[in-house]
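Everything on this sheet refers to the single structure shown next.
In the numbering used here, the protein residues as written are 278 to 430.
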């Protein structure tokens, strides 16, 4: 099953706009912008099946936190930054360059360099619209496995 064509949509939670942009199956996919509950921008850019692929993240104050590229994480956890700029809560540049990561014992990506940079937590990033628990249905290997299991029946 190929990915359906993305559509422009607005997603609300408890009457608050939390995302505006392209979606597939009510999940962020393509150009869009996510918001904190008070309407302050949280993230904007190009979204994939586990969050941003390229764009900006913001602190709850609206100050830019990170701008750059993310790696599509094909394992447990969200996408993680691979190159870009990290800013403090006053907008001062703290780091610019390549981000190094490692995986926790559970496989969750953690940033090793720069020290002190943490990934946005899933609860902050509205996991249900950014973390596709059903993304496998769009992956070629999953489709082949399903065809084989159907033939075996």
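Even glycine gets a Cβ: it sits at the ideal position worked out from N, Cα and C.
Buried or exposed (CB count within 10 angstroms, at least 16 for buried), residue i
i           : result
residue 304 : buried
residue 352 : exposed
residue 384 : exposed
residue 370 : exposed
residue 332 : buried
Contact set for residue i: own chain, Cβ-Cβ below 8 Å, skip 5 residues either direction
i           : result
residue 349 : 325, 326, 327, 330 and 356
residue 381 : 387
residue 336 : 342 and 366
Backbone CA spacing between residue i and residue j [nearest angstrom]
i           : j           : result
residue 306 : residue 372 : 28 Å
residue 343 : residue 317 : 15 Å
residue 434 : residue 299 : Outside the modelled stretch of the chain, which goes from 278 to 430, sits residue 434, for which no answer is possible.
residue 364 : residue 290 : 29 Å
residue 285 : residue 362 : 29 Å
residue 395 : residue 358 : 10 Å
residue 354 : residue 379 : 12 Å
residue 310 : residue 397 : 15 Å
For residue i, three-class secondary structure by DSSP
i           : result
residue 365 : coil
residue 323 : strand
residue 396 : coil
residue 357 : strand
residue 352 : coil
residue 374 : strand
residue 442 : There is no way to answer for residue 442, as the model of the chain reaches only from 278 to 430.
residue 339 : coil
Contact set for residue i: own chain, Cβ-Cβ below 7 Å, skip 5 residues either direction
i           : result
residue 293 : 314
residue 390 : 376 and 377
residue 301 : 280, 281 and 283
residue 462 : Residue 462 is absent from the model: the chain starts at 278 and stops at 430.
residue 338 : 366
residue 368 : 340 and 341
Proximal residues to residue i (C-beta, below 6 Å), its chain only, five neighbours per side dropped
i           : result
residue 360 : 345, 346 and 375
residue 393 : none
DSSP beta-bridge partners of residue i
i           : result
residue 300 : 284 and 305
residue 329 : 324
residue 379 : 387
residue 294 : 289
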